[in-house]
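Chains as they are written, first to last, in our numbering: chain A, 57 to 197; chain B, 398 to 620. Ideal Cβ placement from N, Cα and C applies to all residues, glycine included.
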Amino acid sequence: MQFPSQILSRSESETEKIAKEFSLFVNEGMVIVLIGELGTGKTFFTKKLLHYFNINTANSPTFAIVNEYNGLKKIFHFDFYRINKPEELIDIGIEDYFSDSDAVCIIEWGNLFPELLPKVRVEIEIKFISENERLFEFRKL
Amino acid sequence: MSELFPILSIETSDNICGACLYFNSKKFFAANVVLKHSHSDKLFEVIESVLKVGETPLSQIKSIAVSSGPGSFTGLRIGMSAAKGLAQSLHIPIIKVPSFEALALQLSEVLADGSVFTIANKVGRDELYYAKFQINSNSYIFNQQLKIVSVNSAYLFNDNDLVFGNIDSDKINKKIIYRNISVPNAEFVAKWAEKSGKTLSVHDIDFVEPDYLKDFIVKEKKL
């Protein structure tokens, strides 16, 4: 996989293959931001990605804001969708999560609060093409 | 000063969850649990254990010394909440102890006179809490005051400096970093309070809060 790159997925199984390919590049300390409208499959992609780290219990963190998983890697899985203002993220200790360089942070809707994100990060933008097709854009910042 | 002893000190500003029942430098009971993300779970157990071993009921504590930062946002809030709850119920003062200075005091007991050292702890991914000290007659002086710097400020570390803190070694051009020494043990929070607590003890604790150092102010989102 190269950065930046675009990959078209025509089905869920193709998305799973993309997640597998991407999983090879995931290291401790990495911050991954998922960008995409509702229903584009951010959580689906994350679930498939975490599957490759022996985590099969991943769920949407929309209501919990952050879920923590310990598999082959330690994962903090965030969702900023329900966050109204950045102070809410500061109140849950977002800086402490980002300070943990032993963990991987995956942030859905991270683009809502870019001022809080670490400068070095990977962004994955998922674009809706058709009912079954999604365009994945990978880039490193 | 004696009205402040015994001190119960609390350290939660990073990976140490510690408490110390401190009478004087020759009699104290300390427990330091090194376990990330354990503070809310373990702090009161640790406090109970030092009180039990020290055979001192909570009601005999005369002051609370709490490591006040800078450090982990959540860790500091846990420690400060516990300190304020205890101080409120026991009607005793709180002594805010600057975490970096308590660590500098701790290091002054082992480093040679004149040694220069830096403490650098992470603030998120992109910044560091940073201060430089020099050992001076079993105590310390600031060479550079505590501040927040960019994590890429490699020029802040001279070749001969000792570096302590939880900073990632790949972020700076410095081979030897004492990463497992980033915050003081609880007994040195108490010892710092012993040195400077008389003037810093606070009875009116309503507005006592951690010294985050960083202003957690963020820009408005662009619409």
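Annotated three-state conformation of Val447 of chain B is helix, per DSSP.
Contact between the stretch 100–115 of chain A and the stretch 137–149 of chain A is not established, with fewer than three Cβ pairs separated by less than 8 Å.
Looking at the DSSP output, Ile564 of chain B bridges to nothing.
In the same chain as Ser79 of chain A, and ignoring 5 residues on each side of it, the C-beta atoms closer than 8 Å to its own belong to Leu105, Tyr108, Phe109, in chain order. In this structure the stretch 419–432 of chain B does not lie against the stretch 547–564 of chain B, because fewer than three pairs of beta carbons, one per stretch, are closer than 8 Å.
Under the Cβ distance rule, Lys175 of chain A counts among the residues neighbouring chain B, one pair being separated by less than 8 Å.
Within chain B, Phe470, Val520, Gly521 have C-beta atoms less than 7 Å from the C-beta of Glu151 of chain A, given in sequence order. Taking 9 Å as the cut-off between beta carbons, the residues of the stretch 587–612 of chain B near chain A are Lys611, in sequence order. Within chain A, the residues whose beta carbon sits less than 9 Å from that of Asp565 of chain B are Gly85, Ser157, listed in sequence order. By the rule that beta-carbons nearer than 8 Å mark a contact, Phe154 of chain A touches chain B.
Pairing Phe470 of chain B with Glu84 of chain A gives a Cβ-Cβ distance that is not under 8 Å. A direct Cα-Cα distance of roughly 15 Å separates Ala583 of chain B from Gly594 of chain B. Note that the stretch 495–510 of chain B touches the stretch 464–480 of chain B; at least 3 beta-carbon pairs, one per stretch, sit closer than 8 Å.
Counting every other CB atom within 10 Å of its CB across the protein chains shown gives Gly95 of chain A a total below 16, marking it as exposed.
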